[in-house]
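Please read the structure below before turning to the comments.
Numbering (the numbering used here), first residue to last: 3 to 299.
So this is what it looks like as structure tokens:
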């Protein structure tokens, strides 16, 4: 694993879109919405975004470099790079990308020899992903499924890998976790990277209070969006036979509030590496977690 991607780990053995593109909306109470209603809201939001992309993007926005993972920005390099390392060599693997969106990772997997399936609740973003696959010459090797992960009905044991980047907080995590486990082959692995809110209740309440959000809005891409909590992680990972957690970015949260230079960001990353290597009690206030969840052979 490249040194710049390295971060601390916690072991647990047990069962390029900008928020400015959308108006901020108050989150709905998930307890008052059916899963189907949540999917409808999310599909509507991302279908509208897809229209903008299809109208405004030129070919250069779709092109990918086979040799370089499609990191959306510098803050993703550490955690997403580590998450990709957990897959191992891509050649010949059958990979499902859950919540594939506009297909950056899905198409990159295919360009590197994987047999890939991407699912999403938004038909619009999958059309963007199809265009990306076509422009990069891998359309025939990519299968798109307009179906939510909770009910994706491929046969049991269909995939070596299920991968998701910043999508699990949209899921009904219990149903999604159980179906992902079913979809994996024996010995398969599910890897998900998520922005997290594992902080104590008082910190969570402060972050979402009007005193804070007045100056630092709680950006959401869809009206039902919420942070990935410790309870959600526990429920999501419960079916799996082993779970490894790695945490990323403490001071890196500055990116929420201000743009920093590459040089400053590199310094912040070095400090964060030291903190997460030496101060485990900071894990709950980290910005990102990568979950590597395995199904036994």
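All C-beta atoms, glycine included, are put in the ideal place defined by N, C-alpha and C.
| Check | Outcome |
| --- | --- |
| Contact test: residue 109 Cβ vs the ligand GTP heavy atom, cutoff 8 Å | In the structure shown, the ligand GTP is absent, as is every other ligand, since no ligand is present at all. |
| Cβ neighbour criterion (16 or more within 10 Å) applied to residue 67 | exposed |
| Distance CB(residue 44)-CB(residue 136) smaller than 9 Å | no |
| Burial state of residue 127 (16 or more Cβ within 10 Å) | buried |
| Beta-carbon spacing of residue 193, residue 85 below 9 Å | yes |
| Cβ pair count under 8 Å reaching 3, the stretch 181-197 against the stretch 38-55 | no |
| Residue 1 versus residue 151 - alpha carbon distance | No answer is possible for residue 1: it lies beyond the span of the chain, which begins at 3 and ends at 299. |
| Coil, strand or helix - residue 95 by DSSP | coil |
| Element boundaries [beta strand (DSSP E), containing residue 195] | 186-197 |
| Helix, strand or coil at residue 55 according to DSSP, with G and I counted as helix | helix |
| Reference residue 160; option with closest CA among 110, 175, 281, 95 | 95 |
| Helix, strand or coil at residue 287 [DSSP, three-state] | helix |
| Inter-residue Cα distance where the pair is residue 271 and residue 256 | 11 Å |
| Cut-off 7 Å between Cβ atoms - residues of its own chain near residue 282, not counting five sequence neighbours on either side | none |
| Terminal residues of the alpha helix (DSSP H) in which residue 111 lies | 106-113 |
| Cβ contact check for the stretch 133-149 and the stretch 53-70: 3 or more pairs under 8 Å | yes |
| Per-residue DSSP class, three states only, for residue 244 | strand |
| Chain-order list of residues whose beta-carbon lies under 6 Å from that of residue 189 (same chain, five-residue window excluded) | 299 |
| Rounded separation between residue 191 and residue 109 - CA only | 20 Å |
| Unbroken alpha helix (DSSP H) run spanning residue 83, endpoints | 78-87 |
| For residue 146: DSSP bridge partner residues | 120 |
| Which of helix, strand or coil DSSP assigns to residue 236 | helix |
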